[in-house]
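Undergrad: Take a look at this one; I'll ask things after.
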Amino acid sequence: MCIHQLNLLAASNNLPISNFLGKQHPIEAHHLSSICDIMEKAMVNGDTCIIRCILVVFQVVFKFFFSPQTERNRDIVRRSGLLLWQLLMAPRDQICSEIQKEVCLAISSGLNILYPGEAEINNLLKLVLTEGEMNSGLSQLRDVILTNLAEQLQNNRFGSEDDDHYRLNDELLHYILKIVVRESCVLITKCQTVSKDDFQRLLSTVPAASSCLRYLMAVQNHLLSNTILIKPDDNDDSDSSLQGETLKVQELKTSILSLATQILTGCDEVLEMLQQVTTALINSDIPDREQRLKGLEQITKATMLGHLLPVLLTSLMHPNLQTLTMADALMPQLVQLVLYTSQTALLLKTQSPVFSELNSSPSCAAEQKGKQLPDERMLEEKEEPGFLTGLKIPAPWAAGKTVETVHPVRDNYKFKETVHIPGARCLYLRFDNRCSSQYDYDKLVIYAGPSTNSRKVAEYGGNTLGYGSRSVLGTGWPKDLVKVEGDTVTFSFEMRSGREHNTPDKAMWGFACTVRAQESSEDVSGGLPFLVDLALGLSVLACSMLRILYNGPEITKDEETCQELLRSKLLQRCQWQVEANGVISPALTPSPSPLPLTIEEDREFTYPSDVLVPPVGHYFDLPRIRLPPGIMIKLREISGRARPQFRPSIK
């Protein structure tokens, strides 16, 4: 246990013990050979206590005290690896779970020593990912390695030297994703197949994420956070630096597109299974059907739908990822996911009591229909209930923002905070009934704006409890709502007096205030159901991607530079034709011109839309463009040709 604690403490790079262990000399080969001899003897004798101790020693030695530089050291490493694999692959009746766990920790600690090459590590990971379900030892080793890689990846920045080591290749990510999809489908299926007691135990274990899911979360967060938060170096504006930043951003976006495509494909499969299980539960006659349907959404949050998809949807709305390439690649999958989530959310919603009450009173519905106009009845008959019917979408500002001091306030205490709610016409302030200060000059000042230089709205201070000044500033702390015009309010509180010995805490409580954009607070306790929220988020992202596809490619710098040239009436003399491959080019064969014979440069001219493809015909005269005299003079100066002068003929 002492060595285990030492190993855990040494894992932190910020502790002095890590620096101490890192400066120690590497262990010699014959020492490691002696450790292997002890391990072999303990394995022959079946001494589990010594085996476990040596496994912990292996973990410390591999992490801090060994470097396989010579051939002899590499032979000892191979011998150590064989002993560890012999223990790992032993039958379950011959090895306890504690020893198997220590073996996995030892292999994970010496991963770079036992498998020095990238190809060897990839082969090991491929083995544990493909065969892990058939062997408990390989499954446990997979979990330990992926958990360690996920922790390292979270602390690593994109593009660093260790980035390629912690971020696995696409083939291994594909295997991990398959495992995550299978785990998610199995978890959802259990809502239908397990017994009532097992279902209650299942609800108590979620939303714990598996090691494979945790690693995918780490990879996704690693890529998305670096894409969104990446900033160019302001001190280095050289071309090479800008080119390097551009390449890094492009590499990040390519990696995100590949990962997002795989995640959305996996979510599509999980949602299909969720819809099947939901339909089966609704049509079943299980006694606890309502409880299972209610717990189904909670179980769904523990799958990749809850751990991966919401973060991905939110990040894809960032301007850095709102690109035409992303929209073109992800749009088909987003549409399919919108259909699955909205249909499943509607299925679950039809089983909720609120929805049943809305549809359970046919007399009220018939009475309302009788009062409607014919056109309204026609619309009512065509309208179908959707997954948002009867649900109130909570506004982000409905819960309000609470601003408060410490309780009680201390001597020389100062407090200042600004609350801003975008789009609000006015703000409503509700104060706590415990608000108080020792003297009336220990006061709170409220400003309608972002700073204390803004317009002063009101000021409050003092108490009516019989302590300090025994009075309050003005009419006292407000009992009703305080209205502040605008979308920003600033609070400034200062404790100017020193606390007297007989003043209790309640007379120096300070203040607390809730700021809302509505006069009456909304009911925000429930929020939206998970699948409804997911369907709404997918719909918003799909609409955003559709807008990008509709707008098409952004205007390039060359197009912006040539705007004046493209609008020039000189180009209106050109006749254009569409070639076989769809390219528009100037017509080589002249044809009769549908344009007027003269185009005035100083007048607005609209090029006819029916002259894009010139009609077939003979040679035609292009219209003459009459340019202003100033432009003609400059053209003559540039060309070096003088204006022709007409001399009168002498008879």
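In this note's numbering, the protein residues as written are 10 to 660. In this text, a Cβ means the ideal position worked out from N, Cα and C, and glycines have one as well.
(1) Apply the 10 Å Cβ neighbour rule to threonine 350 and answer buried if 16 or more other Cβ atoms are within range, or exposed otherwise.
(2) Distance, Cα to Cα, serine 553 vs methionine 326?
(3) Leaving out five residues before and five after cysteine 200 in sequence, what residues of the same chain have Cβ atoms less than 8 Å from its Cβ?
(4) Output the distance between the C-alpha atoms of valine 153 and leucine 162, rounded to the nearest integer angstrom.
(5) Find the nearest neighbour of lysine 257 within the set Leu273, Thr270 and Asn235, judged by alpha-carbon distance.
(6) Could you pull the DSSP bridge partners for tyrosine 456 from this structure?
(7) With 16 other CB atoms within 10 Å as the buried threshold, where does lysine 452 fall?
(8) For threonine 512, which residues of its own chain have a beta-carbon under 8 Å away from its beta-carbon, when the five flanking residues on both sides are left out?
(9) For aspartate 496, is the classification buried or exposed, using 16 other Cβ atoms within 10 angstroms of its Cβ as the cut-off for buried?
(10) Look up tyrosine 184 in the DSSP assignment and give the residues it is bridged to.
(11) Should glycine 31 be labelled buried (16 or more other beta-carbon atoms within 10 Å of its own) or exposed?
(12) In terms of residue numbering, what span does the alpha helix (DSSP H) encompassing phenylalanine 440 cover?
(13) According to DSSP, simplified to helix, strand and coil, what is valine 418?
(14) Between the region 513-525 and the region 430-445, are three or more C-beta pairs nearer than 8 Å?
(15) Can you tell me which of the three DSSP states valine 428 falls into?
(16) Hey, out of Ser460, Gly55 and Asn329, whose CA is closest to isoleucine 237's CA?
(17) Residue range of the alpha helix (DSSP H) that valine 481 falls in?
(18) Can you list, in chain order, the residues of its chain with a C-beta nearer than 8 Å to that of aspartate 384? Leave out the 5 residues immediately preceding and following it.
(19) Reducing DSSP to helix, strand and coil, say where glycine 477 ends up.
(20) Quick one: give me the first and last residue of the alpha helix (DSSP H) that glutamate 568 is part of.
(21) How is threonine 156 classed by DSSP in three states: helix, strand or coil?
(22) If you measure between the beta carbons of threonine 312 and isoleucine 197, is that distance less than 8 Å?
(23) Just to confirm, are lysine 425 and phenylalanine 539 a CB contact at a threshold of 8 Å?
(24) Counting beta carbon pairs with one atom in the region 334-353 and one in the region 543-561, are three or more of them shorter than 8 Å?
(25) Spell out the partners DSSP gives glutamate 413 in its beta bridges.
(26) Tell me whether arginine 81 sits in a helix, a strand or coil according to DSSP, three-state version.
(27) Please report the residue range of the alpha helix (DSSP H) in which glutamate 299 lies.
(28) In the DSSP assignment, what are the bridge partners of lysine 423?
(29) Quick check on DSSP: helix, strand or coil for glycine 471?
(30) Are the CB atoms of leucine 41 and glutamate 111 nearer to each other than 8 Å?
(31) For histidine 39, count the other beta carbons within 10 Å of its own beta carbon; 16 or more makes it buried, fewer makes it exposed. Which is it?
(32) Put lysine 492 into one of helix, strand or coil per three-state DSSP.
(33) Can we count isoleucine 197 as close to the ligand GDP, meaning its CB is less than 7 Å from some heavy atom?
(34) In chain order, what residues of the same chain have a beta carbon less than 6 Å from the beta carbon of lysine 423, not counting five sequence neighbours either side?
(35) Three-state secondary structure (DSSP) at serine 445?
TA: To lay it out plainly:
(1) Start at 1 with the first residue of the sequence shown, and residue 350 comes out as number 341. So threonine 350 counts as buried.
(2) Locating residue 553 in the sequence shown gives position 544, where the first residue counts as 1. Locating residue 326 in the sequence shown gives position 317, where the first residue counts as 1. Each residue's alpha carbon lies about 8 Å from the other.
(3) The count along the sequence shown starts at 1 and reaches residue 200 at position 191. Cβ within range, chain order: Phe208, Leu211, Val286, Leu290, Arg301, Gly304, Leu305 and Ile308.
(4) As a first step, residue 153 must be located in the sequence shown, where it is residue number 144. As a first step, residue 162 must be located in the sequence shown, where it is residue number 153. Valine 153 and leucine 162: Cα-Cα distance of roughly 14 Å.
(5) Numbered from its first residue, the sequence shown carries residue 257 at position 248. When each option's Cα is compared against that of lysine 257, the closest is Asn235.
(6) Residue mapping note: residue 456 aligns to position 447 of the sequence shown, counting from 1. Tyrosine 456 pairs with Lys465 and Thr499.
(7) To locate residue 452, count along the sequence shown from 1; it is residue 443. Buried, by the Cβ-count rule.
(8) For this step, residue 512 is matched to residue 503 along the sequence shown. Correct list, in chain order: Gln447, Tyr476 and Gly477.
(9) Working through the sequence shown from its first residue, we reach residue 496 at position 487. Classification of aspartate 496: buried, given that the 10 Å Cβ count is 16 or more.
(10) Residue mapping note: residue 184 aligns to position 175 of the sequence shown, counting from 1. Looking at the DSSP assignment, tyrosine 184 forms no beta bridge with any residue, so it has no partner.
(11) If you number the sequence shown from 1, residue 31 lands on position 22. For glycine 31, the predicted structure reports a pLDDT of 48, less than 50, and the residue's modelled location is therefore unreliable. The matter cannot be settled from this model.
(12) As a working note, residue 440 is residue 431 in the sequence shown. Counting along the chain, phenylalanine 440 falls outside any alpha helix (DSSP H), though it belongs to the beta strand (DSSP E) covering 435-440.
(13) By one-based count along the sequence shown, residue 418 stands at place 409. Three-state DSSP puts valine 418 in coil, outside helix and strand.
(14) yes
(15) Within the sequence shown, residue 428 is the residue found at index 419, counting from 1. Of the three classes helix, strand and coil, the one that applies to valine 428 here is strand, per DSSP.
(16) Position 228 of the sequence shown, counted from the first residue, corresponds to residue 237. Isoleucine 237 has its Cα closest to that of Asn329, out of Ser460, Gly55 and Asn329.
(17) Taking the first residue of the sequence shown as position 1, residue 481 is located at position 472. Per DSSP, valine 481 belongs to no alpha helix (DSSP H) and is neither H nor E.
(18) Taking the sequence shown and counting its residues from 1, one reaches residue 384 at position 375. Caution applies to aspartate 384, whose pLDDT of 47 falls short of 50 and renders its modelled position unreliable; the value that the coordinates give is listed next. Around aspartate 384: no qualifying Cβ.
(19) Residue 477 sits at position 468 when you count from the first residue of the sequence shown. Three-state DSSP puts glycine 477 in coil, outside helix and strand.
(20) One-based indexing of the sequence shown puts residue 568 at position 559. Start and end: 566-570.
(21) Position 147 of the sequence shown holds residue 156. Helix, per DSSP.
(22) The count along the sequence shown starts at 1 and reaches residue 312 at position 303. The count along the sequence shown starts at 1 and reaches residue 197 at position 188. Contact: yes.
(23) For the purposes of this step, residue 425 is taken as the residue at position 416 of the sequence shown. For the purposes of this step, residue 539 is taken as the residue at position 530 of the sequence shown. No, they are not a contact pair.
(24) yes
(25) Counted from its first residue, the sequence shown places residue 413 at position 404. Paired residues: Ala521.
(26) Taking the sequence shown and counting its residues from 1, one reaches residue 81 at position 72. Arginine 81 falls in the helix class under three-state DSSP.
(27) Working through the sequence shown from its first residue, we reach residue 299 at position 290. Segment 298-310, the alpha helix (DSSP H) holding glutamate 299.
(28) Stepping through the sequence shown from its first residue, residue 423 is reached at position 414. Paired residues: Glu503.
(29) Along the sequence shown, read from residue 1 onward, the residue named residue 471 stands at position 462. Correct three-state label for glycine 471: strand.
(30) Locating residue 41 in the sequence shown gives position 32, where the first residue counts as 1. Locating residue 111 in the sequence shown gives position 102, where the first residue counts as 1. No, they are not a contact pair.
(31) Numbered from 1 along the sequence shown, position 30 holds the residue referred to as residue 39. Per the 10 Å Cβ criterion, exposed.
(32) Locating residue 492 in the sequence shown gives position 483, counting from the first residue. If DSSP states are grouped into helix, strand and coil, lysine 492 belongs with the strands.
(33) Among the components modelled here there is no ligand, and therefore nothing to report on the ligand GDP.
(34) On the sequence shown, residue 423 is found 414 positions in, with the first residue counted as 1. Result list for lysine 423: Glu503, in chain order.
(35) On the sequence shown, position 436 is the one that residue 445 refers to. Strand, per DSSP.
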